[in-house]
Amino acid sequence: MIKTALFRIKDKILNIARKKSPWVLHYECGGCNGCSIETFACLSPRYDVERFGMQEKGNPRHSDVFAIAGTVTAKNKDVVDLIYHQMSKPKVVVAIGACAISKGIFHDAYNSVGPVDKIIPVDIYVPGCPPKPEAIMDGIIKAIELLETN
Ligand code: SF4
């Protein structure tokens, strides 16, 4: 009983730490790169997303938030799945832009196998083509809030 209570306290402390410094893995799977450029704008001094303690990470094993843009193609479908499964729990997936949400302008492309949520579970959707940096930041902040409850 005491052990369970201690584990709960440990989880709460970890969740607070996670919320204060979430690490975000950004992946562009098959769009025009417009969404990625807007995502990178969030890191610029103008939007300064790092003020929320956020850091862009290249390693799925170190990341809490999976920010994914572009439509999933036949070629990278397995990569998306692998990245998702390499991330440890708790994790949150943010689909950025129309291509990630609904295939967007690539809806009838021969190599598009679907929106992101057909391959992995998505928690937050950020619509737009491309969405503005403010909208992307809003999506990531919502993802951080979800991290605390996961
Ligand atoms: S949603 Fe629009 S801007 Fe974003 S990757 Fe697709 S086509 Fe490009």
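All the letters of the sequence shown, read from the start, carry residue numbers 878 to 1027 under this note's numbering.
Just so it is clear, CB atoms sit at the ideal spot from N, CA and C, and this is done for glycine as well.
Item                                                                                                   : Value
In or out: Pro-922 buried (at least 16 other Cβ within 10 Å) or exposed?                               : exposed
Which residues bound the alpha helix (DSSP H) around Ala-944?                                          : Segment 942 to 946 is the beta strand (DSSP E) holding Ala-944; no alpha helix (DSSP H) there.
DSSP three-state label for Gly-911, please.                                                            : helix
I'd like to know whether the C-beta atoms of Val-970 and Phe-943 end up nearer to each other than 7 Å. : yes
Which one of His-939, Ile-978, Val-956 has the shortest CA to CA distance from Thr-948?                : Ile-978
Residue range of the beta strand (DSSP E) that His-903 falls in?                                       : 900 to 905
Sorry if obvious, but does the Cβ on Ile-982 come closer than 6 Å to a heavy atom of the ligand SF4?   : yes
Distance check for Ser-965 and His-939, CA to CA, integer angstroms please.                            : 8 Å
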